[in-house]
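Asker:
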Amino acid sequence: MICPKKLIRMARKWQKMAALGRKRISLQRINEGVDEESCSTSSVADKGHFVVYSSDRRRFVIPLMYLDSEIMRELFQMSEEEYGIQSTGPIILPCDSVFLDYVISFIQRGVAKELERALIMSIAPSNCSSSSYFHQEQTNEQLLFCAC
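Residue numbers (the working numbering): 6 to 153.
1. The alpha helix (DSSP H) spanning Val108 covers which residue range?
2. Taking three-plus beta-carbon pairs below 8 Å as touching, is the region 100-107 in contact with the region 59-74?
3. Once DSSP output is grouped into helix, strand and coil, what is the label at Arg64?
4. In the structure shown, what three-state DSSP assignment does Ile97 receive?
5. Looking at the secondary structure, which residues open and close the alpha helix (DSSP H) in which Tyr88 lies?
6. For Ser31, which three-state DSSP category applies?
7. What residues in its chain sit with their C-beta under 6 Å from that of Gln20, if we drop five residues either side in the sequence?
8. Locate the beta strand (DSSP E) running through Val177, then write down its first and last residues.
9. Please list the terminal residues of the continuous alpha helix (DSSP H) segment that includes Ile125.
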């Protein structure tokens, strides 16, 4: 016979294993629409990282320290306004992958807070795509050129 304590431990272990299995299955379904090249081999982020998706479903694994930047906080707030807070499913930022690549490189370079604020001011829910951003950047360059 199995003692009750051991039986309880075994039941808890199986419950944990079953819960992990359900999470893996749901993550695999999420990744079906994502590019093969942009995904890592693991469906779970490494320690110290989190996963977000762009509006065109490209997967980004980002270090947790990037959460300190105002740009990321603003993108999360925009995501909450556009998509709402979901208890299941991935975090989707309302930007395409090109713009999100630009934001990540911006944070990696450790630019000044004033430049971060300027980028935040240029982001609007309808402006968060690479095509509209680069068009805006070209107009800003023309304005700067004319002002000099």
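Idealized CB from N, CA, C, for every residue including glycine.
Answerer: Once the coordinates are examined:
1. Ser102 to Gln113
2. yes
3. strand
4. strand
5. Glu75 to Tyr88
6. At Ser31, the pLDDT of 43 sits below 50, so the modelled position is not reliable and the matter cannot be decided from this model.
7. none
8. Since the displayed the chain opens at 6 and closes at 153, residue 177 lies outside it and no answer follows.
9. Lys118 to Ser127
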